[in-house]
Amino acid sequence: MCQVVDKHQVSILYTAPTAIRALMAEGDKAIEGTDRSSLRILGSVGEPINPEAWEWYWKKIGNEKCPVMDTWWQTETGGFMITPLPGAIELKAGSATRPFFGVQPVIVDNEGTPLEGATEGNLAIADSWPGQARTLFGDHERFEQTYFSTFKNMYFSGDGARRDEDGYYWITGRVDDVLNVSGHRLGTAEIESALVSHPKIAEAAVVGIPHNIKGQAHLRLRDAESR
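Letter by letter, the sequence shown follows residues 1 to 227 in UniProt numbering.
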């Protein structure tokens, strides 16, 4: 990737956290022989980015001079919904930062009640915005059922989010990727983020399995050396 940046003098690099973590696993080999001086902006898309990958991306790929735009949006939204404005606002590692102009995100509980201040819950959009999908071709009923039936008068993204005291948003992953362990709801994205923070782990997947006592337990794939 870095060789391509130099060869074509790429100024904006927009990629997925999975690719960033794969480069992290290579260490300094991923950037050897490249200077990446053409880069102005780094972007992240497609899944939540863990803070460790964000920091590595900023320090190693961007030489600590390129803002990292962790953008949250969906095909159905038609464009960025929560995104940094490069050079205009303070960035926080792993955060998609603040809503784009005209976008009104809300975090709601499972009953659809909006939660104020620093909180965590379901990510919904309270009002219309430019670019939003208006239907599914040939199946408007499914469109309404999928996006507008969970919480009244709100678009439900299917994602969970956390908001801090400064109004910054962190995407925590799909809300159906949650394990119920002994009555505690655990987000798989948070467990995966903790795993990939280890220098010897490039990628992690956490899935639930039935457990006679706890209801569910989380299963992690590992090789023989870790046993």
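Ideal Cβ placement from N, Cα and C applies to all residues, glycine included.
Practice task
Given a cut-off of 8 Å, decide if Thr-71 and Ala-96 are closer than it, judged by their beta-carbon atoms.
Solution key: yes
Problem - Exposed unless 16 or more other CB atoms sit within 10 angstroms - verdict on Pro-48 - result: buried
Problem - Proximity of Glu-64 and Ser-197 at Cβ, strictly below 8 Å - result: no
Practice task
Can you have a look at Thr-204 and say buried or exposed, based on whether 16 or more other CB atoms are within 10 angstroms of its CB?
Solution key: Reading off the sequence shown, one finds Ala at residue 204, where the question assumed Thr. Buried is the call here.
Problem - Touch test, the stretch 158 to 169 against the stretch 115 to 134, Cβ-Cβ under 8 Å, three pairs minimum - result: yes
Practice task
Give me the Cα-Cα distance between residue 239 and Gly-173, rounded to the nearest whole angstrom.
Solution key: The chain is shown only over 1 to 227; residue 239 falls outside these bounds and no answer can be derived.
Practice task
Would you mind working out which of Pro-105, Gly-62, Glu-76 sits nearest Thr-83, comparing C-alpha positions?
Solution key: When each option's Cα is compared against that of Thr-83, the closest is Pro-105.
Practice task
Let me know the beta strand (DSSP E) ranges lying completely inside the stretch 119 to 158, each 3 residues or longer, listed in chain order.
Solution key: Whole beta strand (DSSP E) segments, 3+ residues: 119 to 125.
Problem - Burial state of Arg-227 (16 or more Cβ within 10 Å) - result: Interpretation of Arg-227 is limited by its pLDDT of 49, a score under 50 that renders its predicted location unreliable; the figure taken from the coordinates is listed afterwards. Exposed is the call here.
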